[in-house]
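Chemist: Would you mind keeping the following structure in view while I ask a few things?
Number of protein chains: 2
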Amino acid sequence: MPTLRIALAQVNATVGDLAGNADKVLEWTMRAAEQGARLVVFPEMMLTGYPVEDLALRRSFVDASIATLQALATDLGAEGLGGVAVVVGYLDRRAGQQPRVGVPAGSPLDAAAVLHGGRIAITSAKHHLPNYGVFDEFRYFVPGDTLPVFRMLAEDGEPVDVSVAICEDLWQEGGPVTVTRTAGAELLVVPNASPYERDKDDVRLELCRRRAREAGAVLAYANLVGGQDELVFDGDSIIVSPDGDLLARGPQFEEALVMADLDLSAADPGRPAGRRTVDAADGTAMTIERIELPALPAPESESALAAPMLSPRLSDLAEIYGALQLGVRDYVHKNGFGSVILALSGGIDSALTATIAVDALGADRVHVVLMPSPYSSDHSVSDAEDLVERQGVRARIVPIKPLMDSFAASIDLHGLAAENLQARIRGMILMGLSNEEGHLVLTTGNKSELATGYSTLYGDSAGGFGPIKDVPKTTVWDLARWRNRQAAERGETPPIPENSISKPPSAELSPGQLDSDSLPDYFVLDPLLDDYVEQDKGAAELVAAGYDPELVERVIRLVDRSEYKRRQYPPGPKISAKNFGRDRRLPITSRWREPRCD
Amino acid sequence: MPTLRIALAQVNATVGDLAGNADKVLEWTMRAAEQGARLVVFPEMMLTGYPVEDLALRRSFVDASIATLQALATDLGAEGLGGVAVVVGYLDRRAGQQPRVGVPAGSPLDAAAVLHGGRIAITSAKHHLPNYGVFDEFRYFVPGDTLPVFRMLAEDGEPVDVSVAICEDLWQEGGPVTVTRTAGAELLVVPNASPYERDKDDVRLELCRRRAREAGAVLAYANLVGGQDELVFDGDSIIVSPDGDLLARGPQFEEALVMADLDLSAADPGRPAGRRTVDAADGTAMTIERIELPALPAPESESALAAPMLSPRLSDLAEIYGALQLGVRDYVHKNGFGSVILALSGGIDSALTATIAVDALGADRVHVVLMPSPYSSDHSVSDAEDLVERQGVRARIVPIKPLMDSFAASIDLHGLAAENLQARIRGMILMGLSNEEGHLVLTTGNKSELATGYSTLYGDSAGGFGPIKDVPKTTVWDLARWRNRQAAERGETPPIPENSISKPPSAELSPGQLDSDSLPDYFVLDPLLDDYVEQDKGAAELVAAGYDPELVERVIRLVDRSEYKRRQYPPGPKISAKNFGRDRRLPITSRWREPRCD
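These protein sequences, in sequence, are chains A and B. Residues 4 to 601 in the working numbering are what the first sequence spells out, letter by letter. Residues 4 to 601 in the working numbering are what the second sequence spells out, letter by letter.
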């Protein structure tokens, strides 16, 4: 039985950085080759990063992607890596004449190429295009209709057949998975750019198991790592046997080379190179395009592989925290910032946000501003100072009373208008310091606030990135406790003051104010928000599910009328099945009211 | 030759207001019937408004649309309007078992129904789904595959066959237009929700002419009117003969009943009711579903129709101004605001914005705030006061020097940070007055500023709606001059002070500052922005088109690095082929730099 050493390179590509991403392919292929890999699989759209959005429609960008792929193939050959087969995602275009009605020549493709022998051996494109949730791929791409199968030599010189599918091709029925079985390939490799959300790792593993069985092949799933605006790609690359047994698995939220020695059946010598068209079992036909890679010597390498990588799973909270941390780190670094600044109120939201930022960037890159008002409690400053001391972030105090007085002399504001003013003064101070000193402003609002509109536009919502915007308030507390426990277990000082976790939440914009004056208890609110926002249940369904009708009506009203605020909120890492952003697109102008149910 | 009196009801539906929209159908059908119409055509998605975005995915909303349609059919019958055939757009779902692979039962449909005799006579759904520009219809809808053909009686009791297509069905090759010819229908009616953009009326007319010829039928195109977030629907309903001759045309930006007496051939009596499947010439098959409406007496009416409506065309500038005015009016009214507030600087952007607001809402609903700083020129206040006097808007002055001093005492800001601070103080004052008094804040930035990032986040960009955000600076001047000329021609006081139009533009955030210190001349900048932003040309193409390479590089850099600001900008009416919003979706995090061309 031929043995093939494979490496899944789950690396962190940057959108638009074609040269940097190509260098990464070169560097990681070299590392994989040193460890004896004959086949290295990189993520979907590796050369361009993912998602590139409307850049896919720009001719110069597609040209650059194609040119970069060609140069990369040459460079791999020149570096003595021609004997390694490298599968890499990139942006291509449909060549030649208009191939069929509705598909213009020149339309972009979400493509993958096999590089070998210093050449582009074969290319293909994603067959199933996702167009739901955060995905808009019908806007950009035309579907691929070819399954590439390349024959390569395993360790002992025996041939094996490898096919390539891309990301969504695994999530839909029929298409490349089915055709891989028809083609009789022994191994199906799948470049992916699959964003993180809670519990998705379990879903992914089950999916891989099922599709490996359907394909009758070993399935090797290589996923992207890194933050890109609202999305965090978590890696979690997977290899499963044709029986669905897990053979190897990568870590989440970090780059890694997931290596394994695969025992494969030898390729059927009776299948000649060439093309044939078959039923894809999804209402379309696909062409199997079969090639044979030339026999080339593999680079020298260590011959032993201790064991396939099998990274342990993270707990639910560790996973969320990992996503937030990577999301912040990549947004800051990839956008060229050296530091962040945020308001520290003594409350739990800003305490958790500061802690994530410190874990992502280091304490010396995190600047905090304490901005007490006459309505701030004593503990608001002392709890904030406690955190500053625990974590060593760079702190300053700017009391806002003089500014409040100054505004009061200019315009006469009352009630909510006066409360909002305080939040906006704080936002202005942060933005001023950001402009002056170059920090990125982090907003500290959580998902429960964002959902209900419990925030001030251009006030606490001002900033460039919102690390916890997709985290419900109750999960904010859970994460804070989890992070403190982690520290305690490692014998470190828990970073978050206990009082910030345990005290009742308050915006402190008027004397003695508590969140519970305006909002239901968060432990009641959060499950209802989840059902309304993420599950898209209507009022009748919510009441049928046992929620109080009056509460349902009140919360729906709060959520619906806050759409305009969310539209102007900065991006932040998605961790849920439906975040506020590209995942949930509702009109601002809408007279729709869920029918009353009482 | 049978004569059929048709009415296209180009009315202003509101998203989510199912009851209000149904009332509108009843009311306008009654008016059409009084004038003798036998057939009334309403726009696409009339009952729900358009676009409903993710509301299409909510079960309760689809249920409500279907129930509203049923109630409307009954109400039309009860009001004695059963003898009129009413074509109305609504949101439906695919019934029954999963109809084919990839189309779940229960998937939403962009549907149209023919109501007659107090019943829903027949329904169908849009066949071609747009998924480009501002449209995301593959996200929401499954395509229709049926062409409904209903036989109804014309004036003299002779039968005519009428088919129904929906909006995009006209813009793509094949499908309902082709099948209308196959079916031999005499009249093709098309409900639309086609948003305004510059010069689109010419394109639409040519399209209607071409499709009428292809269908071999009279083509009656009924379009929505009204503003919905960033979109403005302009009406411009059209009827053309099978030879492509224009028979009737509605006005733009106002509700109207576009009536005409159509001379049609009599229906072929040899075509029986029933279903048959035919080639749609677009790679799919469609089913012709043919029914016969029962012969019912038409309501009593005036019998004479003077002449078909043939509204005169607007000039380019009148058209743009009409779109902006309607966009502002509907955003304000449909979101429940009674008034607006904006900063009046004496410059042209705020002067034009105020004028549009006055034209849209009336002077007593427009509040302006003059907020001079030590860097404001003398003319900034005097020009603003001049406008206040000309238009009678409600004005107040809030000098910002005390607030600048107060901030200076709290934090030490220089250069750009200090300039931004002034803009943010003004933004805060507007937001404070908005919160206190309930006005919607209008932002006054133009497209050239938005493109180059020449604005302050949470400063001059603060607000709920940006009336001129899609208007390039040079067009701002053109519109101001046009509006003044209009006034002069009507013997009214020109609303905009001449000095606001003629003086060199300045943000006045530092002594003697001019826009030209930071930006190229707007007459050079605007065409380049159009080519880069709207035409999506790369650097090499721009240089090849004759732009200075250094200018190209500088402007591209400005546009690319301002994406984060645009993401937090409020909505505003789209008037161009590509606005900043859903039309142009680019990542914030991107290292892509157009290749240098020098």
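Backbone N, C-alpha and C fix where the C-beta goes; we use that ideal spot for every residue, glycine too.
1) Which residues in the same chain have their Cβ closer than 7 angstroms to the Cβ of I559(B), if we skip the five residues on either side of it in sequence?
2) Can you find at least 3 beta carbon pairs, one from the segment 429–443 of chain B and one from the segment 414–433 of chain A, that sit closer than 8 angstroms?
3) Got a sec, what are the start and stop residues for the alpha helix (DSSP H) P311(A) sits in?
4) Since I believe E176(A) is in contact with L132(A) (beta carbons under 8 angstroms), could you give me their beta-carbon distance rounded to a whole number of angstroms?
5) What does a CB cutoff of less than 6 angstroms around A215(A) pick up in its chain, not counting 5 residues either side in sequence?
6) Decide yes or no for the touch test of the segment 369–384 of chain A against the segment 506–516 of chain A: beta carbon pairs closer than 8 angstroms, at least 3 of them.
7) Check whether the Cβ of K506(A) lies closer than 8 angstroms to any Cβ atom in chain B.
8) Could you give the distance in angstroms between the alpha-carbon of R615(B) and the alpha-carbon of I9(B)?
9) Which value, in whole angstroms, describes the spacing of the CA atoms of L433(B) and A398(B)?
10) What residue range does the beta strand (DSSP E) around P162(A) cover?
11) Which residues share a DSSP beta bridge with I242(A)?
12) List, in chain order, every chain A residue whose beta-carbon is nearer than 8 angstroms to that of R602(B).
13) Which residues in the same chain have their Cβ closer than 7 angstroms to the Cβ of D362(A), if we skip the five residues on either side of it in sequence?
14) With the cut-off set at 8 angstroms, would you say L29(B) and L75(B) are in Cβ contact?
15) So, helix, strand or coil for H130(A), using DSSP?
16) What residues from chain B crowd round L31(A), counting only those whose CB sits closer than 9 angstroms?
17) Residues of the segment 410–427 of chain B with a CB closer than 7 angstroms to any CB of chain A: list them in chain order, please.
18) Output, in sequence order along the chain, the residues in the segment 154–180 of chain B whose CB is closer than 7 angstroms to any CB in chain A.
19) Taking CB distances under 8 angstroms as the criterion, tell me whether E439(B) reaches chain A.
20) How long is the line joining the alpha carbons of G52(A) and A36(A), rounded to whole angstroms?
21) Reducing DSSP to helix, strand and coil, say where I9(B) ends up.
22) Taking the alpha-carbon of A483(A) as reference, which of D473(A), S503(A) and Y567(A) has the nearest alpha-carbon?
23) With a floor of 3 residues, list each beta strand (DSSP E) that falls wholly inside the segment 281–342 of chain A, ordered by position along the chain.
24) In three-state terms, what does DSSP make of R368(B)?
25) Specify the secondary structure class of T602(A) as computed by DSSP and reduced to three states.
26) Hey, does S63(A) have any beta-carbon neighbour from chain B nearer than 8 angstroms?
27) In this structure, does DSSP put A403(B) in helix, strand or coil?
28) Count the other CB atoms, across all protein chains shown, that sit within 10 Å of the CB of D408(B); report buried if there are 16 or more and exposed otherwise.
29) Please say whether W31(A) and A16(A) have beta carbons closer to each other than 8 angstroms?
30) Which value, in whole angstroms, describes the spacing of the CA atoms of S353(B) and F340(B)?
31) Residues of the segment 587–601 of chain B in Cβ contact with chain A at a cutoff of 8 angstroms, in chain order, please.
32) Sort G219(A), G86(A), L445(A) and A465(A) by Cα distance to K568(A) and report the nearest one.
33) At which residues does the beta strand (DSSP E) containing V28(B) begin and terminate?
34) Would you say N582(B) lies against chain A (beta-carbon separation less than 8 angstroms)?
35) For G229(B), I'd like the list of residues in its chain whose CB is within less than 6 angstroms of its CB, leaving aside the five on either flank, ordered along the chain.
36) Going along chain A in order, which residues have a C-beta closer than 7 angstroms to the C-beta of D20(B)?
Modeler: Result, derived from the coordinates:
1) So the qualifying residues of the chain are Y535, A542 and E597.
2) Cβ pair count under 8 angstroms is three or more, so yes.
3) Segment: none, P311(A) is in no alpha helix (DSSP H) and carries neither H nor E.
4) So it is not a contact: roughly 14 angstroms between Cβ atoms.
5) The beta carbon of A215(A) sits closer than 6 angstroms to the beta carbons of L222, V243, P245 and G247 from its chain, once the five residues preceding and following it are set aside; these are given in chain order.
6) Yes: at least three Cβ pairs fall under 8 angstroms.
7) Not closer than 8 angstroms to any Cβ of chain B, the Cβ of K506(A) fails to qualify, so no.
8) Here chain B comprises residues numbered 4 to 601, so residue 615(B) is not present and cannot be evaluated.
9) About 12 angstroms.
10) From DSSP, the beta strand (DSSP E) with P162(A) extends over P162 to V167.
11) According to DSSP, I242(A) bridges with A223(A) and A251(A).
12) Because chain B in this structure spans residues 4 to 601, residue 602(B) falls outside the shown range and cannot be described.
13) Answer for D362(A): Q328, listed in chain order.
14) For L29(B) and L75(B), yes; Cβs fall inside 8 angstroms.
15) Correct three-state label for H130(A): coil.
16) Checking the sequence, you will find Trp at residue 31(A) rather than Leu. Near W31(A) there are no residues of chain B at all, since even the closest Cβ is about 19 angstroms away, more than 9 angstroms.
17) Within the segment 410–427 of chain B, the residues whose Cβ lies closer than 7 angstroms to some Cβ of chain A are F410, A412, S413, I414, L416, H417, L419, A420, N423, L424 and R427, listed in chain order.
18) Correct list: empty, as no residue qualifies.
19) Flagged as an interface residue toward chain A: E439(B), by a C-beta distance shorter than 8 angstroms.
20) Each residue's alpha carbon lies about 23 angstroms from the other.
21) Three-state DSSP puts I9(B) in a strand.
22) Nearest option by C-alpha distance: S503(A).
23) Runs found: 288–295.
24) R368(B): helix per DSSP, three-state reduction.
25) Since the first residue of chain A shown is 4 and the last is 601, residue 602(A) is not available in this structure.
26) Residue-level contact by beta carbon holds for S63(A) and chain B, with a gap shorter than 8 angstroms.
27) It should be pointed out that residue 403(B) corresponds to Ile in this sequence rather than to Ala. Three-state result, I403(B): coil.
28) Exposed: under 16 other Cβ atoms inside 10 Å.
29) When the beta-carbon positions are compared, A16(A) and W31(A) stay at least 8 angstroms from each other.
30) One C-alpha to the other measures close to 20 angstroms.
31) Within the segment 587–601 of chain B, the qualifying residues are R587, R588, L589, P590, I591, T592, S593, R594, W595, R596, E597 and P598.
32) Ranking G219(A), G86(A), L445(A) and A465(A) by Cα distance to K568(A) puts A465(A) first.
33) Where V28(B) is concerned, there is no enclosing beta strand (DSSP E), although the alpha helix (DSSP H) it sits in stretches over L21 to E37.
34) Chain A contact via Cβ: absent.
35) Counting only Cβ-Cβ distances below 6 angstroms, and skipping sequence neighbours, we find N15, F236 and D333.
36) Within chain A, the residues R594 have their CB atoms less than 7 angstroms from the CB of D20(B), given in chain order.
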